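Sequential numbering of the sequence shown, starting at 13, is according to the numbering used here. Here a beta-carbon is modelled for each residue, glycine too, at the ideal position from N, C-alpha and C. Computed from a predicted structure; not experimentally measured.
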Amino acid sequence: MTAYRTIGRGRVTVLTSSALLLYLASACGAAVPPPELVQARASYDRVSKGLAAELAPAELDTAKQALARAEASFEDNGADPVTRDLAYIAERRALLAEAQAGYIQAERERLETDKAFRKTQIQSLTKTQEQLEAERRAAEANRAALEAERKARAEAEKRAAAAMASLAEIAKVKEESRGVVITLSGAVLFATGKHELLPIAAQKLDEVAKAVMDQGFKAIIVEGHTDSRGNPQANEALSFRRAESVRAHLVSRGIPPEKITARGLGSSRPVADNSTAEGRANNRRVEIIVEPER
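Laid out in structure tokens, this is it:
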């Protein structure tokens with residue numbers, strides 16, 4: 013028996029056996045994959061055993077990589093929205109590979125039929141119409157897959173915009189050539205001369221981590237900055253320790269450690285005049301540079 017229910021952007025088919033596996037996994041205390049990931053696994057497994065392995069290997073490999081990203085996200089973040097979205101995209105990639113294989117198969121059959129027609133000149137109009145209909149179905153399946161991918165991309169862009177709006181409420185955010193720059197005042201994050209995060213800093217950085225993961229990113233750089241007072245070497249060391257504290261907290265909230273680096277720049281890149289108290293306060297900051305996915 014097959015059950016249907018609506019999840020996210022459309023109807024997802026959930027097999028009773030899959031539901032049983034989810035129940036058993038939950039009962040055993042294992043992490044329960046979301047239905048989208050279960051469906052993506054099933055679709056890829058089915059498609060990989062069909063014509064796509066021979067006729068559309070590139071598209072099938074793309075689907076395999078998409079599924080691997082979904083599996084990695086589930087391993088790192090559990091069944092969160094990002095995992096669900098990646099699983100949804102992986103399934104669509106698998107179906108696209110299937111559609112492409114069907115189209116190629118139909119095209120091969122058409123060419124063989126045309127060759128037979130030229131040789132025997134007895135191919136009937138009915139056969140031609142059937143072949144054209146097969147091509148139409150293949151093209152329609154391909155268009156449907158592309159439309160589903162377009163909708164998924166639009167949803168991802170919508171979430172990214174919402175994430176940017178959320179960030180703007182807690183920090184100064186601007187887009188530069190190097191990426192999206194999130195600036196947090198040093199006074200909000202640290203006590204004077206210290207690199208340990210204040211309690212309120214942890215809360216703000218939690219919001220930053222969530223927004224960044226919702227938006228999606230390629231890499232993150234955390235830069236620590238100070239004003240010009242004091243020893244330059246000491247300022248640089250302090251700015252690095254502060255940047256590293258921010259990096260460690262973001263990693264603890266789910267940012268992959270291999271995608272985020274920290275560096276201390278001391279007073280080498282002021283954004284205001286260090287001769288005034290206000291200017292020095294502006295220079296004591298941490299910048300989080302987010303390189304978006306392309």
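To which residues of the same chain is residue i closer than 6 angstroms at the C-beta, ignoring the five residues directly before and after it?
i    : result
V135 : The amino acid occupying residue 135 in the given sequence is Gln; Val does not appear at that position. Once the five neighbours on either side are set aside, the close Cβ partners of Q135 are F129.
E48  : R96, A99 and Y100
Q112 : A68 and E71
S29  : Legend: pLDDT at S29 = 49, less than 50; position of this residue unreliable, value from coordinates given subsequently. Cβ neighbours of S29 beyond the five flanking positions: none.
G191 : I301, V302 and E303
A214 : none
R292 : D239 and N286
Where residue i and residue j are concerned, what is the direct C-alpha to C-alpha distance, given to the nearest angstrom?
i    : j    : result
R163 : A156 : Going by the sequence as given, residue 163 is Lys instead of Arg. Cα to Cα, K163 sits roughly 11 angstroms from A156.
K159 : A75  : Sequence check: residue 159 is Glu here, not Lys. In a straight line, the C-alpha of E159 is about 16 angstroms away from that of A75.
Q245 : I267 : 30 angstroms
D126 : L144 : 12 angstroms
G278 : A78  : 41 angstroms
N89  : E270 : 15 angstroms
V94  : Y56  : 19 angstroms
Q227 : V220 : 11 angstroms
A109 : R81  : 17 angstroms
L250 : G276 : 7 angstroms
G114 : V224 : 39 angstroms
P211 : R53  : 42 angstroms
H261 : A153 : 45 angstroms
How about residue i and residue j: are their beta carbons less than 9 angstroms apart?
i    : j    : result
A91  : R122 : no
R296 : A199 : yes
L72  : I116 : no
V263 : I272 : yes
F229 : V302 : yes
K216 : A183 : yes
R254 : G236 : yes
R58  : A102 : no
Excluding sequence positions up to five away, which residues of its chain have a Cβ less than 7 angstroms from the Cβ of residue i?
i    : result
P45  : F86 and A91
S257 : H207, E208 and L209
L36  : Any answer about L36 is weak, because its pLDDT of 47 lies below 50 and its placement is not dependable; what the coordinates show is given next. There are no such residues.
N294 : V283 and A284
Going by the DSSP bridge assignment, what does residue i pair with across the sheet?
i    : result
A194 : Per the sequence shown, the amino acid found at residue 194 is Ile instead of Ala. I194 is bridged to V185 and I300.
H207 : Paired residue(s): none; H207 is not in a bridge.
T125 : Beta-bridge pairing links T125 to no other residue.
F202 : L209
R275 : E235
Within the same chain, show all residues whose beta-carbon is closer than 8 angstroms to that of residue i, passing over the 5 residues directly before and after it, in chain order.
i    : result
T204 : none
E290 : A284
R306 : K230
Ranges of the alpha helix (DSSP H) found wholly within the stretch 209-253, counting only runs of at least 4: 211-227
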